[in-house]
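Numbering of the sequence shown is given in this note's numbering, commencing with residue 18 and proceeding in unit increments.
Even for Gly, the Cβ is constructed at its ideal location relative to N, Cα and C.
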Amino acid sequence: FSPGSLVLVRNSRVKKELNRKTKPQYTGPMVVLRRTTGGSYLLAKLDGSVSKLRFAAFRLLPYHPR
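Now the structure itself:
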């Protein structure tokens, strides 16, 4: 993913919950800020707040606005 692109983040906790069918599987959209040297991504919300977490590429899905 390139910086500035919009992505959705897979919520890995949903698989372990009992009511997982009613929970959203993805959060976002979020903006890619940069890719770190380890291959994970630094993301920010649309309001500009930067996430403290780093996200692996397999958890990200490209977001296409309607």
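Check whether residue i and residue j have beta carbons under 8 angstroms apart
i: Gly56; j: Ala74; result: yes
i: Val48; j: Ser19; result: no
Whole-angstrom distance between residue j and residue i, CA atom to CA atom
i: Tyr43; j: Ser66; result: 18 angstroms
i: Ser68; j: Tyr58; result: 10 angstroms
i: Arg83; j: Lys40; result: 22 angstroms
i: Ser29; j: Asp64; result: 23 angstroms
i: Leu23; j: Thr53; result: 17 angstroms
Residue i, buried or exposed, once every other Cβ within 10 Å from all chains shown has been counted against 16
i: Leu77; result: buried
i: Leu70; result: exposed
i: Leu60; result: buried
DSSP beta-bridge partners of residue i
i: Phe72; result: Tyr58
i: Arg83; result: Beta-bridge pairing links Arg83 to no other residue.
i: Thr44; result: Val26
i: Leu77; result: Val26
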